[in-house]
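Here the structure comes first, spelled out in structure tokens, and everything after it is commentary.
Numbering (full-length UniProt numbering), first residue to last: 1 to 625.
Pasting the structure below:
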């Protein structure tokens, strides 16, 4: 900062997003008497803010958001310049008690951001004060708002008529939704993650483009006339409440609506046809409700759709063929419904990263189009009625072969290692998985699956797969979970698999495998249940010990000459000729001497008579006494 202190006429200092970790001389900024805008946002600065930063006489903008600044915010705000228009301290480590009364005289204040300072406590009700400003953007998310005065919505907002953005998320605020609030906010209103109760009001009109009331305790029905009360709505999130009844038809009349999230409620009935016909939607989440009927209109048309989440409902009918028009799709999740039919007329969705249809009654072959969808990261076709072979061309996926997973802000739950896990953020970008379990797939496991070196989870259990476990699996260097149980696999467990150091869940139970279980540090962590149900399998951790034959059969390499001899005797004509000759030689080798020699014949029958008398004596005399 000493470098800039020499620029006495400097009016604006913008160092946004430069990965700055510290300031050599932060007090030097205070020497810039003409500075009007100071923006250090989106860095990693770990400093205490010098008090003089706030009272620079001409300062109008002070943006320190998204850093690791610390210190008591009260002393900074108490001395801040009266000309200040923009204050943003969001996403830092500030602490202290901040009464809004210290801001009362900042008549030029247009933007105030104190969000996500977890040790901050903001109070707007006590002591009593009257604002001299008309703020446009007020960001007070997750800052322990009004915990001292009863956790209500700030009353001074009722006299703020220029509000464009209001964020009061994650403050445990209580009470009912005030009708006047959406009328005072023109663009963005977020009340997410609070404790508001009661019904959502119907009698107001607002120009809001974004409304987020998710994760509260609202109940009752959604307003009937969305198109009248919120005609400009672009984004609507009412997820994780207790709303019931049907989705209003008027939702389908909102011409600007692009993002809808009504998940985790008690909604029932059909999806409004207008919501999916010639729709500008790019995000639709109706999951975890009790919705019925077909998931989408037969002639649905959503060309901009990126994310479709309809899981855990009561949808029936076939998989929506109209999704072939949504070429920008990145996620399809229709799991745990009652869908029937086949997935036969599906376009190649080149952007699709997650295709999740598990827990339905879909039949037919696995769609061949999967092989051309090179961005697939998650594939869940489990618990259906799919038949036929596993497509060997799945190895074409770029994501399963290379470290180029697409980042997605939509969390995905996927079952791996026997546990359903929610992946989001960075873990989501690193996770990949295929689940074809509980179907009627047949044939051998394609060797080409071994080319999917970035695959983390593979579940092929509960099918009718045959053949050997591919030795190519040794190339799955990142595989953490492999479940091949409940199939008809034969042969040995490839020793190479036992050296897969990343493998923490493994099961080949209930197959027809034979030979000894490979011994390794990795395999020693698995239990008996992971290998049970294979009568000819032996070795730890099973109770059945391996005999010499098991070991020889499992570990030896066949001599070519032995293999050639065995091949000759495997021919039916040679085999049965050999049996006949052996029988003839054995029979006549015993009978011929008796026939030729009278003396031998007499001795033979005399010996037989003595044995009969001996046995008769034991039975009637010795046992009788």
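For glycine and all other residues, C-beta sits at the position ideal for the given N, C-alpha and C.
Whole-number beta carbon distance between residue j and residue i, since they are thought to touch under 8 Å
i, j, result
"residue 445", "residue 390", "7 Å"
"residue 450", "residue 476", "6 Å"
"residue 247", "residue 230", "Between residue 230 and residue 247 the Cβ distance is about 15 Å, and since that is not below 8 Å, they are no contact."
"residue 192", "residue 214", "5 Å"
"residue 54", "residue 77", "7 Å"
"residue 122", "residue 151", "Between residue 151 and residue 122 the Cβ distance is about 12 Å, and since that is not below 8 Å, they are no contact."
Rounded straight-line distance, which links the Cα of residue j to that of residue i
i, j, result
"residue 634", "residue 264", "As displayed, the chain neither begins before 1 nor continues past 625, which places residue 634 out of reach and without an answer."
"residue 553", "residue 516", "Bear in mind that a pLDDT of 46 at residue 553, under 50, signals an unreliable position, so the model cannot answer this."
"residue 456", "residue 376", "13 Å"
"residue 354", "residue 311", "13 Å"
"residue 372", "residue 321", "18 Å"
"residue 301", "residue 273", "10 Å"
"residue 258", "residue 194", "24 Å"
"residue 667", "residue 240", "As shown, the chain starts at 1 and ends at 625. That puts residue 667 outside it, with no answer to give."
"residue 281", "residue 326", "10 Å"
"residue 557", "residue 350", "With a pLDDT of 39 at residue 557, under the threshold of 50, the modelled position of this residue cannot be trusted; read the value that follows with caution. Approximately 46 Å, taken between the alpha carbons."
"residue 9", "residue 36", "10 Å"
"residue 29", "residue 411", "42 Å"
"residue 382", "residue 527", "24 Å"
"residue 17", "residue 125", "36 Å"
"residue 525", "residue 100", "59 Å"
"residue 288", "residue 256", "25 Å"
"residue 111", "residue 133", "10 Å"
"residue 197", "residue 137", "25 Å"
"residue 154", "residue 145", "9 Å"
"residue 521", "residue 503", "11 Å"
"residue 208", "residue 232", "6 Å"
"residue 244", "residue 202", "15 Å"
"residue 204", "residue 51", "44 Å"
"residue 481", "residue 307", "27 Å"
"residue 7", "residue 199", "58 Å"
Contact set for residue i: own chain, Cβ-Cβ below 7 Å, skip 5 residues either direction
i, result
"residue 227", "250, 253 and 254"
"residue 385", "361, 362, 363, 439 and 440"
"residue 523", "498 and 517"
Neighbourhood of residue i by C-beta, 6 Å cutoff - its chain only, sequence neighbours within 5 removed
i, result
"residue 262", "238 and 286"
"residue 369", "346 and 348"
"residue 21", "44"
"residue 337", "313, 315 and 360"
"residue 461", "437, 483, 485 and 486"
"residue 392", "446 and 448"
"residue 641", "Limits of the chain in this structure are 1 at one end and 625 at the other, which puts residue 641 out of reach."
Beta-bridge pairing of residue i - partner residues as DSSP gives them
i, result
"residue 340", "318"
"residue 161", "Answer by DSSP bridge pairing: none, since residue 161 is not bridged."
"residue 180", "None, per the DSSP bridge assignment."
"residue 386", "364"
"residue 536", "514"
"residue 174", "195"
"residue 235", "210 and 259"
"residue 285", "261 and 309"
Distance CB(residue i)-CB(residue j) smaller than 9 Å
i, j, result
"residue 73", "residue 96", "yes"
"residue 158", "residue 88", "no"
"residue 453", "residue 478", "yes"
"residue 142", "residue 170", "yes"
"residue 513", "residue 433", "no"
"residue 340", "residue 317", "yes"
"residue 179", "residue 139", "no"
"residue 442", "residue 459", "no"
"residue 626", "residue 511", "Since the displayed the chain opens at 1 and closes at 625, residue 626 lies outside it and no answer follows."
"residue 98", "residue 114", "yes"
"residue 260", "residue 294", "no"
Near the ligand SAH: residue i beta-carbon under 8 Å from a heavy atom
i, result
"residue 429", "In the structure shown, the ligand SAH is absent, as is every other ligand, since no ligand is present at all."
Same chain only: Cβ atoms within 8 Å of residue i, ignoring 5 sequence neighbours per side
i, result
"residue 290", "266, 267, 268, 313 and 314"
"residue 14", "37 and 39"
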